[in-house]
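**Student:**
Numbering (this note's numbering), first residue to last: 8 to 468.
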């Protein structure tokens with residue numbers, strides 16, 4: 008696995024190298040252009056100076072002459088100004104208008120340097136020349152001053168070479184600074200890793216901000232969210248274990264007592280009665296274990312992804328309605344709706360609510376939907392004895408059973424309902440029903456959870 012430090016170093020080093028390389032290329036191009044401009048200016052000034060000096064002297068053309076005669080100051084005009092190492096880089100020729108070589112400087116070729124006036128380039132032998140020509144009509148000559156392009160290229164190369172050494176040293180130093188800076192910038196990440204590594208298993212307290220680093224805030228928030236979920240899961244696990252141990256202790260103790268009665272009974276009737284009690288206790292314990300497992304699955308649904316799909320509300324209610332001992336009325340508005348939920352979990356939710364309503368109702372259970380407000384509200388009413396107003400806030404607590412509760416219940420049904428409802432974005436409240444019994448209200452907080460059932464082709468006339 009590649010470290011973030013190495014990746015950042017490679018990225019920054021590549022970016023820096025590209026920027027420096029582009030700058031070096033730009034410097035080379037600009038330096039070359041500037042040197043050519045300066046040297047061209049030197050050629051022009053030298054040629055014009057020689058031409059002006061010729062106007063002042065008495066120029067005598069001598070066949071095969073190697074220098075300018077009778078023109079005082081021409082020699083100093085062509086002397087080098089660039090300092091040691093560039094002596095005799097300028098060459099001068101003076102040609103008559105008839106095409107005769109009047110004179111040339113030392114080192115100048117005997118072949119004509121240029122044909123046209125002004126700037127021009129020409130290859131003589133194996134050398135390429137840059138030449139400036141002045142046409143002096145008064146003296147009747149052409150003055151040509153030139154230098155070798157190889158000299159110019161060598162001058163540019165020497166300047167770039169002199170810049171390359173400090174540039175390479177600067178790049179190496181900058182690379183070390185980048186490596187150190189990246190390590191320094193990632194130190195809070197290492198501190199965070201060390202903090203997590205040194206934590207005890209049972210320590211699920213939130214992490215604090217390390218040095219106020221803003222970039223670590225999203226990571227800290229995500230880690231703290233994970234820690235909160237782990238703490239909640241551990242808390243639910245502890246509550247489940249404690250609840251299971253507490254609730255199973257009594258029926259298991261009763262089973263032991265009835266088993267001892269059956270073992271010690273001498274009369275068949277006593278033994279049969281004890282065995283019958285054992286069967287009843289086993290059934291109640293089995294129902295309790297089923298409820299505990301259902302509660303555990305409901306708790307897991309809060310953290311796990313739900314398998315949502317659109318399901319008609321009537322389909323979710325059908326099985327539980329058919330098993331009810333009293334009639335169940337569903338409004339037409341409710342049957343025209345479908346929910347975007349996990350079918351298995353929401354079926355269990357409605358199963359618990361309808362089982363509770365059917366168990367307490369005298370003659371009727373009614374299901375209706377109110378869509379007049381911003382959030383649709385589903386109500387389940389029964390005409391049973393209801394729940395005292397003081398006990399309504401206690402509904403939904405685990406293992407809570409009212410004073411008038413029917414035997415055989417576990418007190419987990421409404422707790423499972425509320426847990427499943429929260430996982431689906433529903434709010435559960437309890438109140439007095441207009442029928443006289445209990446009203447359970449499900450509020451669809453999220454509008455994306457409920458919609459009108461699409462019409463099928465069979466519904467169209």
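Yeah, the Cβ is synthetic: ideal placement off N, Cα and C, and Gly gets one too. Fair warning: this is a prediction, and the values are worked out from it, not measured in the lab.
1. Which residues does DSSP pair with residue 451 in a beta bridge?
2. Residues bridged to residue 376 by DSSP?
3. Check for me: the alpha helix (DSSP H) holding residue 176 runs from which residue to which?
4. Rounded to whole angstroms, what is the Cα-Cα separation between residue 55 and residue 168?
5. In its own chain, which residues sit with a C-beta less than 8 Å from the C-beta of residue 456, not counting the 5 before and 5 after it?
6. Measure the Cβ-Cβ separation of residue 136 and residue 162 and say whether it is below 8 Å.
7. If I measure Cβ to Cβ from residue 182 and keep anything under 7 Å in the same chain, skipping five residues before and after, which residues do I get?
8. Is residue 134 closer than 8 Å to residue 157 when the C-beta atoms are compared?
9. For the alpha helix (DSSP H) that contains residue 365, what are its first and last residues?
10. Leaving out five residues on either side along the sequence, give the residues of the same chain with a beta carbon under 7 Å from the beta carbon of residue 147.
11. How close, in whole Å, do the beta carbons of residue 388 and residue 369 come, if the pair is a contact with beta carbons under 8 Å?
12. Identify every residue that forms a DSSP beta bridge with residue 98.
13. For the beta strand (DSSP E) that contains residue 342, what are its first and last residues?
14. Around the Cβ of residue 271, are there at least 16 other Cβ atoms within 10 angstroms (buried) or fewer (exposed)?
15. Give me the residue from 234, 179 and 403 with the minimum Cα distance to residue 437.
16. Could you check the C-alpha separation between residue 316 and residue 265 for me, to the nearest Å?
17. Rank 351, 12, 425 and 444 by C-alpha distance to the C-alpha of residue 450 and give the top, closest one.
18. Would residue 59 and residue 152 be called neighbours here (beta carbons separated by less than 8 Å)?
19. Using only the alpha-carbon positions, how far apart do residue 444 and residue 394 sit?
20. What distance in whole Å lies between the Cβ atoms of residue 362 and residue 287, which are believed to be in contact at a cut-off of 8 Å?
21. What's the C-alpha gap between residue 130 and residue 24?
22. Going along the chain, which residues of its own chain have a beta-carbon closer than 6 Å to the beta-carbon of residue 440, five neighbours each way excluded?
23. With distances taken Cα to Cα, identify the nearest neighbour of residue 154 among 174, 262 and 113.
24. Relative to the C-alpha of residue 227, which candidate in 397, 213, 164 and 238 has its C-alpha closest?
**Tutor:** So, to answer that:
1. The residue given as residue 451 occupies position 444 in the chain shown. Beta-bridge pairing links residue 451 to 433.
2. What you label residue 376 is simply residue 369 of the chain shown in a count that begins at 1. In DSSP, residue 376 forms a bridge with 385.
3. Taking the chain shown and counting its residues from 1, one reaches residue 176 at position 169. Taken as a continuous stretch (DSSP letters only), the alpha helix (DSSP H) holding residue 176 covers 156-192.
4. The residue you call residue 55 lines up with position 48 of the chain shown. The residue you call residue 168 lines up with position 161 of the chain shown. Rounded to whole angstroms, residue 55 to residue 168 spans 34 Å at the Cα level.
5. Within the chain shown, the letter at position 449 stands for residue 456. Around residue 456: 346, 347, 348, 431, 432 and 433.
6. Taking the first residue of the chain shown as 1, we reach residue 136 at position 129. Taking the first residue of the chain shown as 1, we reach residue 162 at position 155. No, Cβ-Cβ distance for residue 136 and residue 162 is not below 8 Å.
7. The residue given as residue 182 occupies position 175 in the chain shown. These residues qualify, in order along the chain: 20.
8. Locating residue 157 in the chain shown gives position 150, where the first residue counts as 1. Locating residue 134 in the chain shown gives position 127, where the first residue counts as 1. Yes, they are a contact pair.
9. Against the chain shown, residue 365 aligns to sequence position 358. Note, residue 365: alpha helix (DSSP H), 350-367.
10. On the chain shown, position 140 is the one that residue 147 refers to. The residues are 103 and 104.
11. Locating residue 388 in the chain shown gives position 381, counting from the first residue. Locating residue 369 in the chain shown gives position 362, counting from the first residue. At roughly 12 Å, the Cβ-Cβ gap does not stay under 8 Å, so residue 388 and residue 369 are not in contact.
12. Translated into the one-based positions of the chain shown, residue 98 becomes position 91. The partner list for residue 98 (beta bridge, DSSP) reads 153.
13. Within the chain shown, the letter at position 335 stands for residue 342. Residue 342 -> not in any beta strand (DSSP E); alpha helix (DSSP H) instead, spanning 339-342.
14. As a first step, residue 271 is located in the chain shown; it is residue number 264 there, counting from the start. By the neighbour-count rule (16 or more Cβ atoms within 10 Å), residue 271 is not buried but exposed.
15. To locate residue 437, count along the chain shown from 1; it is residue 430. When each option's Cα is compared against that of residue 437, the closest is 403.
16. As a working mapping, residue 316 is identified with position 309 in the chain shown. As a working mapping, residue 265 is identified with position 258 in the chain shown. If you take the alpha carbons of residue 316 and residue 265, they lie about 48 Å apart.
17. Within the chain shown, the letter at position 443 stands for residue 450. Checking every option, the nearest Cα to that of residue 450 belongs to 425.
18. Along the chain shown, read from residue 1 onward, the residue named residue 59 stands at position 52. Along the chain shown, read from residue 1 onward, the residue named residue 152 stands at position 145. No, the pair does not count as a contact, with Cβ atoms beyond the cut-off.
19. Mapped onto the chain shown, residue 444 falls at position 437. Mapped onto the chain shown, residue 394 falls at position 387. Roughly 7 Å between the two C-alpha positions.
20. Position 280 of the chain shown, counting from 1, holds the residue named residue 287. Position 355 of the chain shown, counting from 1, holds the residue named residue 362. Their Cβ separation, rounded to whole angstroms, is 20 Å, which puts residue 287 and residue 362 out of contact at 8 Å.
21. The sequence position of residue 130 within the chain shown is 123, counting from 1. The sequence position of residue 24 within the chain shown is 17, counting from 1. Spanning the two alpha carbons is a distance of roughly 39 Å.
22. Indexing the chain shown from 1 puts residue 440 at position 433. Closer than 6 Å at Cβ, skipping near neighbours: 388 and 446.
23. Translated into positions along the chain shown, residue 154 becomes position 147. The shortest Cα separation from residue 154 among 174, 262 and 113 belongs to 113.
24. Stepping through the chain shown from its first residue, residue 227 is reached at position 220. That would be 213, whose Cα lies nearest to the Cα of residue 227.
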